[in-house]
Every structure is written in C-alpha cells, then in structure tokens.
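Everything on this sheet refers to the single structure shown next.
2 protein chains.
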Amino acid sequence: MSKTKRLVKIAPDDSGSKARIFRAASAEFAARGFAGGHVDRIAAAAGVNKAMIYYHFKSKAALYREILREMFEAVAARLDEMSARQRTPDGKIRAFVEAIAHEAEARPHFPPIWFREIAEGGAHLDPATIATVAGIVRRLAVIVRDGVAAGRFKPVDPLLVHGGIVAPVLLYYATAGLRKRIAKAGVTGADRFASRDVIAHVQRVALTTLHGRM
Amino acid sequence: MSKTKRLVKIAPDDSGSKARIFRAASAEFAARGFAGGHVDRIAAAAGVNKAMIYYHFKSKAALYREILREMFEAVAARLDEMSARQRTPDGKIRAFVEAIAHEAEARPHFPPIWFREIAEGGAHLDPATIATVAGIVRRLAVIVRDGVAAGRFKPVDPLLVHGGIVAPVLLYYATAGLRKRIAKAGVTGADRFASRDVIAHVQRVALTTLHGRM
DNA sequence: GTCTATAAATAGATAGAC
DNA sequence: GTCTATCTATTTATAGAC
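Those protein sequences? They're chains C and D, same order as listed.
Quick note: this note's numbering has the first sequence finishing at residue 214, numbered continuously throughout.
Quick note: this note's numbering has the second sequence finishing at residue 1214, numbered continuously throughout.
Right under this line is the structure:
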C-alpha cells in the first residue's frame, strides 16, 4: 500500500464530473488566471455544483496545480514520442518545434497558462512540475549537444535556441484573440496567418541558427 | 477648456503619492496580475492609505489601464527615438530589438504584464492602447517594407519577424525568476546568461531571416 | 456522488473628519 | 492631500442532507 498520491489522468473523452471540472477549470484559468478564475464559474461551466469541485479536489490551488502538472507532463511525453521517431539532429529539432505546436493546438489552455506562470515566476509550480519543465529544456539541450557531437551543429547556447523556438510558437497561439483586435487597429493580416507557416518559419530559423549560417 | 482627460505622466524620480502608487501598482500587477493584485498591498507598498488610491484613480481597473497605456506609449516613444538615429535597414532592425530590450530593463513590470495581457486576449486594453500596440507592430512592418524596397531585405511576413524578436526578448526578461528555479532543477546556466548575449543573438537571427540566408 | 445552505474571510470602494 | 472607519459584495470553503 503506497502512500503515493493518486494522480489525475484525464482521458480526452471522459465525461465524468471530475474530467468535466478539470476541463472547465483549464479554460477558466487560461482565460482569467489563477486569481481571476472563480470556482463558481468553473462549476457552472462543468455543469456541476460548486461543492463537487471540493469533493474531487482539495482546493482551488490544488486543482490549478494538477492542471499545470498534467499539462507539462503531456508536453514532455509528446516531445519524447516525436523525437524518438527521428534519426537526424535536424529531424529532432523539427520534431521539437512540432511537438510544442501540436501540444498548444491540442490544449488551447497551454499557451496562456504558461505565459501567466512565467509572469508569476512559476509561483504555482510545485517542485515535481518544475522538474518536468526543466526536463523539457534539458531535452532540447541534449538534442543540441548530440548534434554538435555529430558535427552537424555549431555549439549554440541551448537556452537561446529554446527561447527562439518556444517563445514565438507560444506567442502565436496565445495571441489568437489579441491579433484580431490588432488587425482591426490597422495591422493587416494579423488575424490570418497560418500555424503551419509559423511552425515552418521557426523550424528554419532554429536550424539556420544551429548550422551556424549567421 | 478641453474635455480631454488629463493623462498621467510619471517622472522616474517623482516622489509624490500618485507616482508612488503608480510604481507600487506596476510591481504588484506584474507579480500577481490584475485580479491577483490587491489595492491593500499597493497602498502598503506605496506607503499611503488605501483611500489615496481612490483619490488619485477612479478604480483599480482604471489604475491598471493607466499603467498599460503609459507602458506601451513609452515603448512606442523609445522605438521612434532609437530608430530615428539609424540610417540603414539593418541598423533600424538592431535598434528595434534594443528598444524593446532597454524598455524591458527600464520597466521590469513590462514583460510580465505584457505576457499576462496576451494571455487574457488584451481584455484590459482600451481602444487607444490597442492602437498604440498596433503602432508598435506597424513600425516594424514599415522597417521591413523599406528594407525590401531598398533591396536589402527579402519580403518576410513582418509578424513573423516581430514574433521572432519580441517573444524571445520578453521571455528572457520575464523568466528571470523562473530560470533560477529551473537552474536548481538541473538546467545548468539557466540563471546566468547575459542580456547582451540575448540581444545580440536575436538581432543576428532577425537579420539573417531578413537577408534571406535560410 | 451530488446538492442546498451557509459560514468565514477578503476585497474593492466610499463617507467624512482633519 | 491624507487618514480612520465602515459598508457591501464577492469568494473560497465546508457541514450535512439525500
């Protein structure tokens, strides 16, 4: 009998009350942040009574931490999946970009919540989730290191490569709402440019950087 | 006698109560967001009574909007200053990157607040401030367009260039706190890499992109 | 597992004295 | 301009019935 906490594992099609709360909370926190998100609204959106939230989760903070944990574990898992299918350093970099982008598409709450956590210095991230986040960065560092060892990449600080990939990709998805308003304010086309163009661009930039053609 | 609202203009060394409130509120909202920021704490940090906030500002929301407005106008102004000193398209791109970075250094609340507003779809941005934000993007678009006209740049979507510049630079400054924790979790050097390296890297990447060497 | 009702704690905002 | 005191609304959280 282990004392290990039972961790939430929410299947995408799970229609139970816990899964509905989890999904409603993800959307609520993404749109309004942790402090701005209200349990009342989460309950209403999930179609349950407010007390149900406290039946399934210890507190609003615990619910939010679960969302963060699940989110980053999913990113790490997808990263491993997509990277494992690639043989070349170039392929692994492309896969890294796509993994981030696909995860952002599959979980629309991911980019906004991640931006908010960054702004807050990771205040809500528990140590285990910090380790998961560090693992994501380290995965890219390993790809870069292996590429350098194979003579394919120039040695570039992995954190610069990481920032050049993750920041623009997340920005693209997180600004979906804002770009519409900016388009109306006279920036033509801000609301309509495709994710595949962004992904392709970021991939090319990352590889150019690593190939040392700068 | 104009009916135009008197806008806040806070000098960096202003020690009046309004300026102290303004600065305390900037830090509070940067650290905790609009909903998470409390007027009580702002008053305490500013060394004034809570009622003083309402003497100077209409509401918490109005105070926050003023901060957003002042922040983006400052960025736009610095962009114009630094761009005006440059003659070549390359120089103007470099100046754009530096303007964003210098502004982020001068106003530490800028990157976190901007990330939060993005996450929130710009919910707190009034139309005038949206126009200012759009103007920032448009300034870069003009630099790119002029560079293309001068035969120096390949035609790249200005929004891709914008994302490739603003996102990594803001990410660098906004993650200062988080990078410390990630460094402890085993990503060596995450807490110590210099802003000048980030700026130089982003400048090089942006110019490589625009020169079409990809 | 699910709901009603309510407790307990804050938070934003204001009235009014100095 | 500045402060004390207070009002009102909201919000997290729980007790307890079904």
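Note that beta-carbon positions come from the ideal geometry of N, C-alpha and C, so glycine has one too.
(message) Three Cβ pairs or more, each shorter than 8 angstroms: is that satisfied between the region 27-47 of chain C and the region 104-124 of chain C?
(response) The region 27-47 of chain C, when compared against the region 104-124 of chain C, does touch it at the 8 angstroms Cβ threshold.
(request) List the endpoints of the continuous alpha helix (DSSP H) containing C:Pro111. (result) Note, C:Pro111: alpha helix (DSSP H), Phe110 to Ala119.
(request) May I ask which residues mark the beginning and end of the alpha helix (DSSP H) holding C:Pro158? (result) Secondary structure note for C:Pro158: its alpha helix (DSSP H) is the uninterrupted segment Pro158 to Ala174.
(request) Say whether chain C places a C-beta atom closer than 8 angstroms to the C-beta of D:Met1214. (result) Output row for D:Met1214: interface = yes.
(message) Within 10 Å of its beta-carbon, does D:Thr1188 have 16 or more other beta-carbons around it, so buried, or fewer, so exposed?
(response) Exposed, because fewer than 16 other Cβ atoms sit within 10 Å of the Cβ of D:Thr1188.
(request) To the nearest angstrom, report how far apart D:Ile1165 and D:Tyr1054 are at their CA atoms. (result) D:Ile1165 and D:Tyr1054 have their C-alpha atoms some 38 angstroms from each other.
(request) Starting from the N-terminal side, write out each stretch of the alpha helix (DSSP H) that is 4 residues or longer and does not extend beyond the region 31-80 of chain C. (result) Taking only runs of at least 4 residues, the alpha helix (DSSP H) segments lying wholly in the region 31-80 of chain C are 39-46 and 50-56.
(message) Does the contact criterion of 3 or more C-beta pairs under 8 angstroms hold for the region 1180-1199 of chain D versus the region 125-135 of chain C?
(response) Enough Cβ pairs lie closer than 8 angstroms, so yes.
(message) I'd like the span of the alpha helix (DSSP H) that includes C:Gln203, first residue to last.
(response) Counting along the chain, C:Gln203 sits inside the alpha helix (DSSP H) bounded by residues Ser195 to His211.
(message) Can you pull the chain C neighbours of D:Ile1067, defined as C-beta to C-beta under 8 angstroms?
(response) Under the 8 angstroms cutoff, chain C gives no residues; its nearest Cβ is about 14 angstroms from D:Ile1067.
(message) Could you check whether the Cβ of D:Phe1072 sits closer than 8 angstroms to any Cβ belonging to chain C?
(response) Not a single CB atom of chain C sits nearer than 8 angstroms to the CB of D:Phe1072.
(request) Report buried or exposed for C:Ala190, applying the criterion of at least 16 other Cβ atoms within 10 angstroms of its Cβ. (result) By the neighbour-count rule (16 or more Cβ atoms within 10 Å), C:Ala190 is buried.
(message) Can you give me the C-alpha to C-alpha distance between D:Pro1089 and D:Lys1154, rounded to a whole angstrom?
(response) In this model, D:Pro1089 and D:Lys1154 are separated by some 12 angstroms (Cα to Cα).
(message) Using a 10 Å radius around the Cβ and a threshold of 16 neighbouring Cβ atoms, would you call C:Thr4 buried or exposed?
(response) For C:Thr4, the predicted structure reports a pLDDT of 45, less than 50, and the residue's modelled location is therefore unreliable. A value from the coordinates is still provided. Exposed, by the Cβ-count rule.
(message) Using a 10 Å radius around the Cβ and a threshold of 16 neighbouring Cβ atoms, would you call D:Ser1026 buried or exposed?
(response) Counting Cβ neighbours within 10 Å, D:Ser1026 comes out buried, since at least 16 surround it.
(request) State whether the region 206-213 of chain C contacts the region 160-180 of chain C, with contact taken as three or more CB pairs (one from each stretch) at a distance under 8 angstroms. (result) Yes: the two stretches touch, three or more of their Cβ pairs being nearer than 8 angstroms.
(request) State whether the region 1104-1117 of chain D contacts the region 1061-1072 of chain D, with contact taken as three or more CB pairs (one from each stretch) at a distance under 8 angstroms. (result) Output reads yes: the region 1061-1072 of chain D touches the region 1104-1117 of chain D.
(message) What does the Cβ neighbour count give for D:Pro1012, buried or exposed, with the cut at 16 atoms within 10 Å?
(response) With a 10 Å radius around the Cβ and a threshold of 16 neighbouring Cβ atoms, D:Pro1012 comes out exposed.
(message) Just to make sure I have the definition right: I need the residues of chain D whose C-beta is within less than 8 angstroms of the C-beta of C:Pro89. Which are they?
(response) Simply none; closest approach about 17 angstroms.
(request) Would you tell me roughly how many angstroms separate the C-alpha atoms of C:Ile10 and C:Ser17, rounded to the nearest one? (result) Rounded to whole angstroms, C:Ile10 to C:Ser17 spans 11 angstroms at the Cα level.
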